[in-house]
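Asks:
Protein chains: 2
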Amino acid sequence: MNNLLVAQSGGPTVAINATLVGVLQGAKIYGKIDKVYGAKYGIEGAIKDNLIDLSTLMSDYDKLDTLTYTPSSALGSCRYKMKDWRQDETPYKSIIETFKKYDIKYFIYIGGNDSMDTVDKLSEYCRMNNLDTRVMGAPKTIDNDLNLTDHCPGFGSAAKYIATTISELDRDISVYDVPAVTIVEIMGRNAGWLTASSALARVNGGNGPDLIYLCEREFDSESFLRDVKNKLSEKPGVLVAVSEGIKDKSGAYVSDIISSGAVDNFGHKYIAGAARALEQLVRSRIGCKVRSVELNLMQRAAAHIASETDISESVMLGQKALSCAINNETGRMAAVKRISNAPYLVEYISVPVNEVANHEKTVPSSYIAPTGNDVTQEMMEYLRPLIRGEINLKYENGIPRQLVLF
Amino acid sequence: MNNLLVAQSGGPTVAINATLVGVLQGAKIYGKIDKVYGAKYGIEGAIKDNLIDLSTLMSDYDKLDTLTYTPSSALGSCRYKMKDWRQDETPYKSIIETFKKYDIKYFIYIGGNDSMDTVDKLSEYCRMNNLDTRVMGAPKTIDNDLNLTDHCPGFGSAAKYIATTISELDRDISVYDVPAVTIVEIMGRNAGWLTASSALARVNGGNGPDLIYLCEREFDSESFLRDVKNKLSEKPGVLVAVSEGIKDKSGAYVSDIISSGAVDNFGHKYIAGAARALEQLVRSRIGCKVRSVELNLMQRAAAHIASETDISESVMLGQKALSCAINNETGRMAAVKRISNAPYLVEYISVPVNEVANHEKTVPSSYIAPTGNDVTQEMMEYLRPLIRGEINLKYENGIPRQLVLF
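So the sequence lines, in the order shown, correspond to chains X and W. Residues 3 to 408 (this note's numbering) are what the first sequence spells out, left to right. Residues 3 to 408 (this note's numbering) are what the second sequence spells out, left to right.
1) Between Leu-202/X and chain W, is there a C-beta pair that is closer than 8 Å?
2) Whole angstroms is fine: what's the gap from Thr-167/X's alpha carbon to Leu-196/X's?
3) Give the secondary structure of Arg-191/W by DSSP, where H, G and I count as helix, E and B as strand, and everything else as coil.
4) Using DSSP bridges, identify the partner residues of Gly-40/X.
5) Between the segment 60 to 72 of chain W and the segment 394 to 404 of chain X, do three or more beta carbon pairs fall short of 8 Å?
6) On a CA-only basis, which of Ala-327/W, Gly-210/W, Tyr-369/W and Gly-208/W is nearest Val-8/W? Give me that one, please.
7) Taking 8 Å as the cut-off, decide whether the C-beta atoms of Ile-351/X and Lys-339/X are in contact.
8) Does the segment 226 to 246 of chain W touch the segment 178 to 195 of chain W, meaning 3 or more C-beta pairs lie closer than 8 Å?
9) In the DSSP output, what is Glu-349/X paired with across the bridge?
10) Determine which residues of the segment 386 to 403 of chain X have a Cβ less than 9 Å from any Cβ of chain W, and write them out in chain order.
11) Establish whether the CB of Val-177/W and some CB of chain X are separated by less than 8 Å.
12) Could you work out which residue in Asn-343/W, Ser-96/W and Lys-85/W is closest to Thr-120/W when comparing CA atoms only?
13) With 8 Å set as the bound, which would you pick, yes or no: does the beta-carbon of Ser-225/W sit closer than that to a beta-carbon of chain X?
14) Would you mind sorting Arg-278/X into buried or exposed? The rule is 16 or more other CB atoms within 10 Å of its CB.
15) Taking the Cβ atom as the reference point for each residue, do Gly-28/X and Gln-321/X lie within a distance shorter than 8 Å?
16) Measuring alpha carbon to alpha carbon, tell me which residue in Glu-170/W, Gly-207/W and Tyr-215/W is nearest Arg-191/W.
17) Going by C-alpha to C-alpha distance, which of Arg-219/X, Cys-290/X and Lys-237/X sits closest to Glu-250/X?
18) What is the rounded straight-line gap between the Cα of Arg-204/W and the Cα of Met-60/X?
19) How about Glu-331/X and Arg-136/X: do their beta carbons lie closer than 8 Å?
20) Using a Cβ-Cβ distance cut-off of 8 Å, determine whether Ser-169/W contacts chain X.
21) Taking buried to mean at least 16 other C-beta atoms within 10 Å of its own C-beta, is Arg-386/X buried or exposed?
22) Can you check which of these residues, Tyr-94/W, Pro-238/W and Ser-125/W, is closest to Glu-46/W by C-alpha distance?
23) Is the Cβ of His-153/W closer than 8 Å to any Cβ of chain X?
24) Please list the residues of the segment 121 to 147 of chain W that have a C-beta atom closer than 9 Å to any C-beta atom in chain X, keeping them in chain order.
25) Is Ile-185/W close to chain A? Criterion is C-beta to C-beta, closer than 8 Å.
26) Identify which residue in Phe-221/W, Ser-225/W and Lys-237/W has its Cα closest to the Cα of Arg-287/W.
27) Report back the beta-carbon spacing between Leu-77/W and Ala-48/W to the nearest angstrom; my notes put them in contact at under 8 Å.
28) Rounded to whole angstroms, what's the CA-CA distance from Glu-310/X to Asn-19/X? Just pull it up for me.
29) How is Met-138/W classed by DSSP in three states: helix, strand or coil?
30) Could you tell me how far apart the beta carbons of Thr-143/W and Gly-114/W are, in whole angstroms, since I believe they sit closer than 8 Å?
31) Once DSSP output is grouped into helix, strand and coil, what is the label at Arg-278/W?
32) Below 8 Å on the Cβ atoms is my contact criterion, and I expect Leu-22/W with Gln-10/W to pass it. Report the Cβ-Cβ distance as a whole number of Å.
33) Suppose only complete runs of 3+ residues qualify. What are the beta strand (DSSP E) ranges in the segment 198 to 250 of chain W, listed by chain order?
34) Using only the alpha-carbon positions, how far apart do Glu-349/X and Ile-341/X sit?
35) DSSP puts Lys-291/W in a beta bridge; with which residues?
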């Protein structure tokens with residue numbers, strides 16, 4: 003028997019189920035797979051023998067279509083970091099037992115950085131133990147911080163949500179003729195790609211954010227206050243986009259510095275976000291109307307405004323990962339290589355997963371304006387194709403259809 | 003000359019421009035209007051003689067189509083509350099001067115409670131001064147709290163955004179197999195209609211929020227903690243929807259009670275929202291993973307997921323308001339009367355604006371579950387038709403097109 007196991011891991015995105023669908027389509031197309039299983043809650047499902055049979059789903063086109071546009075991980079997820087097998091072999095032995103029990107010839111793990119570390123370690127372990135299970139990774143992360151791939155599935159849809167939302171908020175904040183600052187916090191502890199995508203609100207000539215601060219640049223509160231005052235002298239409504247992970251020159255998170263004294267009635271520390279901290283700063287130092295907005299979980303869950311480019315590529319990367327496994331590749335990750343911007347053309351390749359795991363691709367200097375409060379044209383050229391196209395989402399009773407596996 | 007002046011007021015919604023379009027369509031159709039002006043920044047534009055000519059826009063169908071789906075008030079807005087003319091006649095005199103200067107025969111004011119108060123006072127003032135300008139109101143508010151209309155333009159779209167977002171968050175929080183509570187704060191200081199619409203995430207069999215607390219019911223922290231613990235014993239991911247305006251039995255805002263001690267490094271008080279306060283409460287008293295999410299400005303600005311029912315009705319109400327004015331009505335508001343739920347049928351009527359202004363329609367008891375932590379079937383029947391249908395939104399370069407008037 004040549005059976006396939008697939009699992010999903012890490013934080014949710016709106017494209018990770020599209021990649022699962024790509025794997026299932028591949029299993030149908032390539033004709034070399036007997037049965038398809040899904041591990042529940044990531045690699046933990048393989049460790050605990052907690053699988054579900056996906057063979058019927060594989061042939062149900064209507065369900066696959068719905069699954070493609072359902073956000074988050076339909077198979078569940080985990081935040082499990084595998085230790086080196088030399089330190090703790092137990093989980094490896096359990097996984098191998100599961101592989102043997104279900105005749106797993108191919109294992110596809112869809113996830114981000116930590117998941118690629120698992121792919122790396124597990125593929126090595128299989129090789130060491132002469133087990134011919136092929137272990138392949140398929141990328142996924144809204145953070146867009148994976149090495150060796152031009153961009154990451156899930157990012158384009160999050161960027162489309164952010165660009166659209168910023169363009170809508172720009173309309174919202176322009177409505178009154180009084181000075182007001184609105185600070186929008188966007189996900190990204192170490193990589194500012196998502197925050198940068200707020201600039202895409204300008205693609206049709208709109209204003210977009212007046213100021214953009216990425217976590218790659220040292221954040222200086224005095225420069226920030228000066229920037230805001232300058233913008234307020236030009237127009238009443240000022241819109242600011244900041245990465246959640248902005249840090250000062252000592253490397254401390256801005257949110258911690260400003261809000262560290264705050265304690266609630268229970269004596270518990272307030273964990274304020276970066277935008278909330280800056281809101282307090284503007285209130286104290288400038289004194290105008292100010293509010294903060296966190297795009298929070300919505301930026302990774304808003305499947306209703308997914309990018310067609312992102313979803314299509316996510317499906318293709320699932321197919322690519324399986325096709326590589328069938329071609330005897332192991333310990334590698336399916337990836338996107340950009341050929342050109344105009345027309346936007348890409349190739350699907352595979353890359354060594356050990357060069358992906360435990361690396362973080364942050365925003366290069368040339369993509370950040372020298373002033374440190376905006377992005378460059380180069381960044382815009384990189385981002386623009388990724389949010390293009392709208393998905394053919396099916397609604398029922400006014401809300402999008404979803405597929406729930408368990 | 004029979005000229006028309008139109009203005010928008012109050013907080014932004016995604017449907018208020020659709021009503022403006024309805025007024026402009028009416029001006030084109032009824033054939034009794036010579037020129038159309040818009041007052042910038044609400045009634046303040048009429049006071050300060052700050053108008054723009056909308057006559058060209060009126061005939062540009064492509065622009066009108068884009069304007070229909072552009073969120074917020076294209077003419078700008080204000081939060082101006084008119085005093086009684088017996089107390090301060092100055093602004094009334096300025097308005098009348100503007101009316102005379104531009105030969106304004108019809109004035110349509112699109113807005114919420116305060117705006118209807120302006121319509122009431124201004125129409126009375128015109129009558130008292132033998133001025134034949136007809137002053138009509140067209141409703142708008144995501145809060146859905148206006149008297150004498152079955153529901154309010156802008157509410158259905160906000161409800162569709164909330165229902166869709168809650169269904170997406172429900173997928174997001176279901177991904178890990180560990181106990182976690184997610185608390186979503188929804189707009190509404192005194193009326194819980196928007197929070198109630200989170201229950202629409204269940205229309206296709208989905209789970210929706212596990213617990214729903216409206217501001218109409220006294221909020222008891224101990225009952226809340228008990229409810230959350232009960233739900234956690236049934237499933238790992240618990241989703242809670244709360245109105246921003248939930249109050250305890252003394253009438254104090256829950257956010258104030260729990261967070262009142264919090265002060266930041268500047269010595270400034272933290273203004274935490276209700277969800278943030280409850281997040282701290284769950285962290286202290288239950289100790290599991292917990293986070294809060296504010297739907298914030300997005301719930302009133304997310305035009306990309308507007309309800310077709312809402313947008314169509316908003317256009318119709320703009321037309322209705324103008325048609326009433328042309329038929330010599332004044333001091334009244336266009337409104338929706340529901341004829342039946344299945345099929346969903348409505349009539350457009352006009353109602354006396356003095357019975358709308360300064361009233362607030364809160365959620366009736368029969369719409370709230372006796373347990374106080376959910377809504378009833380009656381509420382669901384009321385809400386369901388309002389989010390139906392998707393708009394034919396035009397995208398350009400990956401984000402929705404918008405029309406900016408100035």
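All C-beta atoms, glycine included, are put in the ideal place defined by N, C-alpha and C. Source: prediction; values computed, not measured.
Replies: The relevant details are as follows:
1) With its beta carbon less than 8 Å from one in chain W, Leu-202/X belongs to the interface.
2) Distance between the alpha carbons of Thr-167/X and Leu-196/X: 13 Å.
3) If DSSP states are grouped into helix, strand and coil, Arg-191/W belongs with coil.
4) Answer is Val-8/X and Ile-54/X.
5) Between the segment 60 to 72 of chain W and the segment 394 to 404 of chain X there are fewer than three C-beta pairs closer than 8 Å, too few to call the two in contact.
6) Comparing Cα positions, the closest option is Ala-327/W.
7) For Ile-351/X and Lys-339/X, yes; Cβs fall inside 8 Å.
8) Enough Cβ pairs lie closer than 8 Å, so yes.
9) Partner(s): Lys-339/X.
10) Considering only beta carbons, the part of the segment 386 to 403 of chain X lying closer than 9 Å to chain W consists of Arg-386, Pro-387, Leu-388, Ile-389, Arg-390, Gly-391, Glu-392, Leu-395, Tyr-397, Glu-398, Asn-399, Gly-400, Ile-401, Pro-402 and Arg-403, in chain order.
11) Under the Cβ criterion of 8 Å, Val-177/W is counted among the residues facing chain X.
12) The candidate whose alpha carbon is nearest that of Thr-120/W is Lys-85/W.
13) Interface with chain X (8 Å Cβ-Cβ cutoff): Ser-225/W is excluded.
14) Arg-278/X is buried by the Cβ-count criterion.
15) Yes, they are a contact pair.
16) Nearest of Glu-170/W, Gly-207/W and Tyr-215/W to Arg-191/W, Cα basis: Tyr-215/W.
17) The sequence shown places Asp at residue 250/X, not Glu. Minimum Cα distance to Asp-250/X is reached at Arg-219/X.
18) Here the C-alpha atom of Arg-204/W lies approximately 26 Å from the C-alpha atom of Met-60/X.
19) Yes.
20) Answer yes: the Cβ-Cβ gap between Ser-169/W and chain X drops below 8 Å somewhere.
21) It is buried - the Cβ of Arg-386/X has at least 16 other Cβ atoms within 10 Å.
22) Of the listed residues, the one whose Cα sits closest to Glu-46/W is Tyr-94/W.
23) It does not; no Cβ of chain X falls within 8 Å.
24) Within the segment 121 to 147 of chain W, no residue has a Cβ that lies closer than 9 Å to any Cβ of chain X.
25) Within the model displayed, chain A is absent; protein chains X and W are what it includes.
26) Closest by alpha carbon: Ser-225/W.
27) Contact between Leu-77/W and Ala-48/W is ruled out by a C-beta separation of about 11 Å, above the 8 Å threshold.
28) Straight through space, the alpha carbons of Asn-19/X and Glu-310/X are spaced by roughly 14 Å.
29) Three-state result, Met-138/W: strand.
30) Their Cβ separation, rounded to whole angstroms, is 4 Å, which keeps Thr-143/W and Gly-114/W in contact under 8 Å.
31) Note: Arg-278/W maps to helix in three-state DSSP.
32) Taking the Cβ atoms as the reference, Leu-22/W lies roughly 6 Å from Gln-10/W, within the contact range of under 8 Å.
33) Entirely contained in the segment 198 to 250 of chain W, the beta strand (DSSP E) runs reaching 3 residues are, in chain order, 213 to 215 and 239 to 245.
34) Counting only the Cα atoms, Ile-341/X lies some 7 Å from Glu-349/X.
35) DSSP, once it has assigned bridges, lists Ala-182/W as partnering Lys-291/W.
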